[in-house]
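Below is one structure; the comments refer to it alone.
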Amino acid sequence: MNHRILPLIGGVVLLTPTFVFAQTRASAAKPDLSGIWTNATVTPLERPKEFAGKEFLTKAEAAEFEKQAVYDADGDRRDGGAEADVGRAYNEFWRDRGKVISTMRSSLIVDPPDGKVPPLLPEAQKRNAD
Numbered sequence: 000m001n002h003r004i005l006p007l008i009g010g011v012v013l014l015t016p017t018f019v020f021a022q023t024r025a026s027a028a029k030p031d032l033s034g035i036w037t038n039a040t041v042t043p044l045e046r047p048k049e050f051a052g053k054e055f056l057t058k059a060e061a062a063e064f065e066k067q068a069v070y071d072a073d074g075d076r077r078d079g080g081a082e083a084d085v086g087r088a089y090n091e092f093w094r095d096r097g098k099v100i101s102t103m104r105s106s107l108i109v110d111p112p113d114g115k116v117p118p119l120l121p122e123a124q125k126r127n128a129d
């Protein structure tokens with residue numbers, strides 16, 4: 000009986016890479032970016048003022064930035080009065096603290112070099128107003 004199952008298992012193993020590859024591509028051979036993505040990072044979108052002109056953080060700066068971000072998001076702090084205390088009343092299970100990205104950039108925006116979202120062009124402002 001074991002000898003009859005072996006060819007079946009071998010066929011499944013041989014065809015599996017084909018099915019996996021077929022599922023990872025969208026039409027026109029473009030990568031399929033659907034799925035679950037995470038934003039578990041404390042690296043800000045725009046470069047903070049304290050890092051103006053500095054594209055990368057040192058290890059010490061990254062560690063201090065992470066430490067401050069964890070403190071700011073701490074759900075067990077009691078320093079903001081009743082309203083802030085209720086606003087932070089989420090179970091720690093639901094929190095993903097994140098870390099500074101591995102490249103230790105000071106912002107997620109890399110272009111323009113100042114790390115800030117560029118202003119909208121007048122044409123875009125007009126289009127948004129309509």
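As numbered in numbering that gives the first Met the number 0, residues 0 to 129 make up the sequence shown, in order.
All C-beta atoms in this analysis are idealised placements derived from N, C-alpha and C, irrespective of residue type, glycine included.
Only a predicted model underlies this, so the values are computations on that prediction, with no experimental measurement involved.
Residue nearest to residue i in terms of C-alpha spacing, selected from the options
i   : options             : result
F55 : V109, I8 and P6     : V109
E45 : L119, D113 and E122 : D113
Buried/exposed call for residue i, threshold 16 Cβ in 10 Å
i    : result
S105 : buried
V116 : exposed
A27  : exposed
A61  : buried
C-beta contact flag for residue i and residue j at 9 Å
i   : j   : result
V99 : T37 : no
R96 : A39 : yes
Which residues DSSP lists as bridging residue i, in chain order
i   : result
R96 : According to DSSP, which records beta bridges pairwise, R96 is partnered with nothing at all.
F55 : R104
T40 : K98
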